[in-house]
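Chains as they are written, first to last, in the numbering used here: chain A, 4 to 313; chain B, 26 to 324; chain C, 6 to 464.
C-beta: ideal position from N, C-alpha, C; glycine also.
Predicted model only: the values in this text are computed from it and were never measured.
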């Protein structure tokens, strides 16, 4: 008890300093989230909406409906959305890391125009994501879009113009703009980390006769592990909770992006706010959150060593 | 003798080859880099070109940028819908959010970096934990809590500047704390101790000595907050009803919708909204990068 | 000292906790604080009105139309908020949940039963007789004003959104086709379209028909006339089951999608929305499109005001009713109603405003600015409509109007249909491999199963 008292006394200032942050997080994050968790146990739909928290309590039925009920209206679309989100998350994060690593590696060298190159490469990151959705949606159009014009009319890479905004290609149409917008951040973080690696390590590796790939695997990557870990964590969360680009590209958020374009977030927001299935919507969000927490647990296992190393 | 000569020749040949190879490799990778840069900035160039085209060209794909269209489109985008109002709202909301969230995050970030207090781990985990909550889970509850505040306390929250500012501030505080904590941790403790020997209290040492040193980190967090707030769509969409407080992402939809499809004005507006963030970012780029990476590299 | 902080923290947490605790229970007593206002005619009243973007300058257009009303009632001030269609659902839903909302609101006709079933709308049953009751309005429009068979009226029809065929007179002339005959039946329509398709007009090939596919706001509405025309329907007469997967309904869906499958609609158009399609028609890419009265207005508005009057189609077009299907001729009836929020504190004034908005004068004036059709029968006789050859056709089309079943679950049903009809368009576009008829049957069966589930839930 004495120890506690002393600790409090010693760190009085710290508690005062974090108080505003605690209040803000409680009010905007945790209390509404607690209500959200509770809603996931309620039969809250258009008929019971006015009762809100006093809607019938149905336990875990919402979860059962989404996961197992074959006749459920939500299950089918939700599973598509989960599949798309998995593909989307893996594809965007992997590509962003590879592109970022390559660019960081090139930008580390001295060459004429390096500053300009870096600035130009950072440009996509400052474009607001709703503009990204609108702009790329405009460029992906089948007959009048510039992408098909370049691919088919100018470069003759494809024999005829494919549809990007309908059908299975939609998943490509949402992955590429996401990569485009997220690689600059990854690049700049990796570049900064690369610059902290002393050249001595590379020279030593060269004396040992290491090839370029070996240097990457045995020298660069271990050094970058903490940064890569951070990037993966936030990249992962960002893609799983991605909403803006898809919402703006398809029907201004009101439409249905199709069974290959619907992400979990757009699916839940449509079910909650267009179909008034707030209970099942909340249950789906809770499962999504559990999924993210589980992934974070795995992430922590993998990157634990490199995090404590620092 | 002869063999010796052959060997040295071979070696020098090999050496040259190696140098040449390296040079070729370098040129190759630089060429690839510039091609990639070309592809990267093309969509933005296309956005600007489209904003100089007319409606018909954009519709049919026969895009011919004309200078006179610059005058027309960049003028009409403010009159076709009341875009200036959305722009003003975004600026007010985002600037206030940045100031409020930053002040709170600076305090908490410093506390986390310098104190080992009971609950500091819990606080750190809670901070990261907020990032894992899907916004859609607490969107409706938050909206209703706002309405309840209005009913019980008489403070209007929905459809007001301060309602959104409070929401956004809380959104971006956690990650800013995380950036700033890393930066504060990278400032040597000795500096602070020296200040305290000179007679400063811990708090005044923080204000007078540590804060000025932390400016790159603070700028990094500020840019992060501003960019995120500029980008937010879902909550702005639900928490506002009238154009008096709606932000750009809500307003910009009106260019392309049920009533009209003005891609020309949309592209002009997109260009205009990208410029302020680009300006802020590139003016402060240096600080941003050092601030962000201090947090990440130092863990 | 630390105690103080602890206490402050605890108090704060409790305060926040109790705030949400007691707040949540008060949500159902929405409008509990309404009693304070017993408005008299001299008291200053501000009416909050929520409308959708019905016209280019939605807010000021609305205020101009109600100007005679505000002039006559100096004490009433009107504050208009324009919602966009995409977020309107959300706003109205949450307003209904909380009781904090407008006094008067515009509702899409298909939304009225759902929002009425939430108990969020003022019951107008006893009042509407002084508006002339059901007989004063277009019957299909009146059907949407309350939950089917409930005998209650929760809203008043404001304007009607319906569809006709816009066609190029010069193209029909060149092809030697008599429009009257072409638009008589489905078969003659198909023949005419085939004859026109790929004709050379001014050195350019013209496609017969333009219609939007999946990426549109009206995916579900676009099918309605054809499903009804083939003798199909959406729900069984007792509203217990989905029947849009019946043979007849599928025939209608097949006919409409068949227009694209037979190459009468360029595939690229299937990716676009209806506004794009209208603009492309204006620029001369199609000989026919399906659209509503607003396009007539657009075709007479000059370009510098955002209209299309300079375009080739604007100078050479006419409007016709949809061809008669095997089971008859039906035109889809959508549009909007006006309702009073139950939580409103100024119900009398709100009702007076609505009453003004459905007078002949206001109906005609609003039709002029919005390009929609008035819902009041009397207003359809105004010279604005009868003296304009194009609008006159829409008056005739209005006689064939039919609307969706007014059941509370319709919002959800429409969203299910949106998903599956969207998939049908994917199949038709051929982006998922070669098309076969069974794909449509599968999709509609799936949709029917889901809709049955929703109807089950609503019991």
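Counting only Cβ pairs nearer than 9 Å, list the residues of chain A close to residue 275 of chain C. 145, 166, 169
At 9 Å on the CB atoms, spell out the chain C contacts of residue 175 of chain B, in chain order. 103, 105
With C-beta atoms as the reference, is residue 193 of chain B less than 7 Å away from residue 246 of chain B? no
Does the separation of the CB atoms of residue 136 of chain C and residue 55 of chain C fall below 7 Å? no
Could you name each continuous beta strand (DSSP E) segment of 3 residues or more that falls completely within the stretch 207 to 261 of chain C, going from the start of the chain to the end? 209 to 215
If I measure Cβ to Cβ from residue 232 of chain C and keep anything under 6 Å in the same chain, skipping five residues before and after, which residues do I get? 254, 257
Under a CB-based cut-off of 7 Å, is residue 411 of chain C close to chain A? no
Three-state secondary structure (DSSP) of residue 157 of chain B: coil
When you compare only the Cα positions, how much space is there between residue 249 of chain C and residue 54 of chain B? 59 Å
With 16 other CB atoms within 10 Å as the buried threshold, where does residue 139 of chain B fall? buried
For residue 331 of chain C, name the three-state secondary structure that DSSP assigns. coil
I'd like to confirm the pairing. Which residues does DSSP put opposite residue 324 of chain C in its beta bridges? C/171
Taking C-alpha atoms, which residue in C/388, C/195, C/364, C/390 lies nearest to residue 489 of chain C? In the structure as shown, chain C begins at 6 and stops at 464. Residue 489 of chain C is therefore absent and cannot be evaluated.
Excluding sequence positions up to five away, which residues of its chain have a Cβ less than 8 Å from the Cβ of residue 180 of chain C? 197, 200, 201, 204
So that I know if they touch, is there some Cβ in chain B lying closer than 7 Å to that of residue 281 of chain C? yes
Chain A partners of residue 122 of chain C, CB-CB under 9 Å? 49, 50
Distance CB(residue 281 of chain A)-CB(residue 47 of chain A) smaller than 7 Å: yes
Listed in chain order, which residues of the stretch 82 to 93 of chain B have Cβ atoms closer than 8 Å to some Cβ of chain C? 84, 85
Residue 65 of chain B versus chain A: which residues are under 8 Å apart at the beta carbon? 123, 124, 126, 127, 183
What are the uninterrupted segments assigned as alpha helix (DSSP H) that are 4 or more residues long and contained completely in the stretch 133 to 213 of chain B, given in chain order? 145 to 155, 160 to 178, 186 to 210
Chain-ordered neighbours of residue 157 of chain B on chain A, where CB pairs are closer than 7 Å: 240, 292, 295, 296, 299
Please confirm whether residue 276 of chain A has its beta-carbon closer than 7 Å to some beta-carbon of chain C. yes
If you drop the 5 nearest sequence neighbours on each side, which residues of the same chain put their C-beta closer than 8 Å to that of residue 288 of chain A? 39, 43, 271
Whether residue 66 of chain C touches residue 363 of chain C by CB criterion (7 Å): no
Return the chain-ordered list of same chain residues with a C-beta closer than 7 Å to the C-beta of residue 212 of chain B, the five sequence neighbours on each side being excluded. 235, 238, 239
Let me confirm a value: residue 315 of chain C is counted as buried when at least 16 other C-beta atoms fall within 10 Å, else exposed. Which label applies? exposed
Considering residue 342 of chain C, what are the terminal residues of the beta strand (DSSP E) in which it resides? 336 to 345
If contact means a Cβ-Cβ distance below 8 Å, which residues of the stretch 252 to 274 of chain B contact chain C? 262, 263, 266, 267, 268
Anything in chain B within Cβ reach of residue 86 of chain C, meaning under 7 Å, just list it in chain order. 266, 267
Quick one, which of A/197, A/36, A/149 has its alpha-carbon nearest residue 170 of chain B's? A/36
Tell me, which residues are paired with residue 86 of chain C by DSSP? C/55
When the Cα atoms are used, what is the spatial distance from residue 29 of chain C to residue 145 of chain A? Below a pLDDT of 50, predicted positions are generally treated as unreliable, and residue 29 of chain C, at 33, falls in that range; the measurement from the model is reported next regardless. Spanning the two alpha carbons is a distance of roughly 49 Å.
Would you kindly work out how many angstroms separate the C-alpha atoms of residue 28 of chain A and residue 22 of chain A, rounded to a whole number? 10 Å
Among C/336, C/157, C/281, C/166, which has the Cα closest to the Cα of residue 406 of chain C? C/336
Determine whether the Cβ of residue 172 of chain B lies closer than 7 Å to any Cβ atom of chain C. yes
Is any beta-carbon of chain A found at less than 7 Å from that of residue 183 of chain C? no
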